[in-house]
Amino acid sequence: MFLHCGPFRLDLSRPLVMGIVNATPDSFSDGGQHLRRDAAITHAQQLIAEGADILDIGGESTRPGAQPVSVREELERVLPIIEGLRGISVPLSVDTCKPEVMRAAIAAGALMVNDINALQDAAAMKAVADGNVAVCLMHKQGNPQTMQQQPHYDNVVAEVGAFLRGRIAAAEAAGIGRERIAIDPGFGFGKTLAHNLDLLRGLEELAELGVPILAGLSRKSMLGAITGQDVNHRASASIAAALIAVQHGASIVRVHDVRETVDALKIWNAVNGAA
Ligand code: 7PJ
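So in this note's numbering, the last spot in the sequence shown is 268, and the numbers never skip.
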């Protein structure tokens, strides 16, 4: 299977690593806009050197309880980073729900849109359809402000699968070819620990939808709930979770700890005969 990201054809015969580049003020301690931009660009280059296959640049925190940011603020955070990385060797993804940010990021060179809202906003759908870029359609229940309050499913895998099937169909109807689409069950987005574990076990069922699966488990609170570790000590748990996701059918893992994940996947690849 391949994922078309603009001119890139990402070969998914081995699992790929998407490195997370945070462009939110909480991620690089205070120091002003320019220092933050330079730190993010340096970090992005380091992740590529460590073996990242894609970089995901996000200017809006979507962690549980996070507050929304304005279009202008988000643009000021992500655009200088995308512009500063122009010409790098891997495709850039922009992590946003906002159509205006999608359009500006695509114009600046982003080749993938990672939308936790799965293009449910018609203007977002159009921005991606017009852009000839890849998209990740993610499931969530509720919104980041309230989603962890009382998530409920009768059958989480079936319900997430039905939602993603519908979003794939909507994207195709809007002119986004399947070769440009990835899906994501949205670990932690309106899910209890039990829901997240059901989804991890049930990834094969989502793989039947016929498009690549992206899995984001890195440093998430579900890993803290299991290990008792705070967010700065979840690298080992994150790598274990990434490997399990790949074992169950994920093609792309979205991670903070690129070097460690790349090494873990090299072992997986060696056992599974991938290059
Ligand atoms: C995800 C994401 C995820 C996709 C975030 C965090 C929260 N995008 N953006 N999948 N998570 N596609 O990284 O802890 O799981 S932000």
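We put the beta carbon where it would ideally sit given N, CA and C, even for glycine.
Quick caveat, the model's predicted, so the values are computed rather than measured.
Residues near residue i by beta carbon distance below 7 Å, same chain, minus five either side
i	result
phenylalanine 21	Per-residue confidence for phenylalanine 21 stands at a pLDDT of 47, beneath the threshold of 50, marking its modelled position as unreliable; no derived number is given.
arginine 158	Leu202
histidine 36	Val14
Residue i burial status per 10 Å Cβ neighbour count (16 or more: buried)
i	result
proline 194	Position check: residue 194 holds arginine in this sequence, whereas proline was assumed. Its Cβ having fewer than 16 others within 10 Å, arginine 194 is exposed.
asparagine 189	buried
glutamate 53	buried
cysteine 224	At residue 224 the sequence reads valine, which differs from the cysteine that was named. Label assigned to valine 224: exposed.
glutamate 67	buried
Residue i (DSSP reduced to helix, strand or coil)
i	result
arginine 247	strand
phenylalanine 180	coil
aspartate 270	The structure shown does not extend to residue 270, since the chain spans only -6 to 268, so no value can be given for it.
methionine -6	coil
isoleucine 50	strand
arginine 56	coil
glycine 209	coil
methionine 140	coil
aspartate 114	coil
alanine 167	coil
serine 86	strand
leucine 130	strand
asparagine 125	coil
isoleucine 232	helix
isoleucine 13	strand
Proximal residues to residue i (C-beta, below 8 Å), its chain only, five neighbours per side dropped
i	result
glycine 51	Ile13, Val14, Asn15, Ala16, Thr17, Val71, Val87, Asp88, Thr89, Asn107
Check: residue i C-beta below 7 Å from any heavy atom of ligand 3
i	result
serine 211	Absent from the structure shown: ligand 3. Ligands present: ligand 1.
Close beta carbons around residue i, own chain, < 6 Å, minus the five adjacent residues each side
i	result
glutamine 141	Pro57
> What is the chain-ordered set of residues for which the beta carbon lies under 6 Å from any non-hydrogen atom of ligand 1?
Replying inline: Thr55, Arg56, Asp88, Asn107, Ile109, Cys129, Met131, Asp177, Gly179, Phe180, Leu207, Gly209, Lys213, Arg247
Next on the checklist: Below 8 Å, how does it come out for the segment 94 to 114 and the segment -2 to 10: are there three or more Cβ pairs, yes or no?
Outcome noted: yes
Query raised in the report: For the 8 Å Cβ check, are there 3 or more pairs between the segment 158 to 174 and the segment 73 to 90?
Result: no
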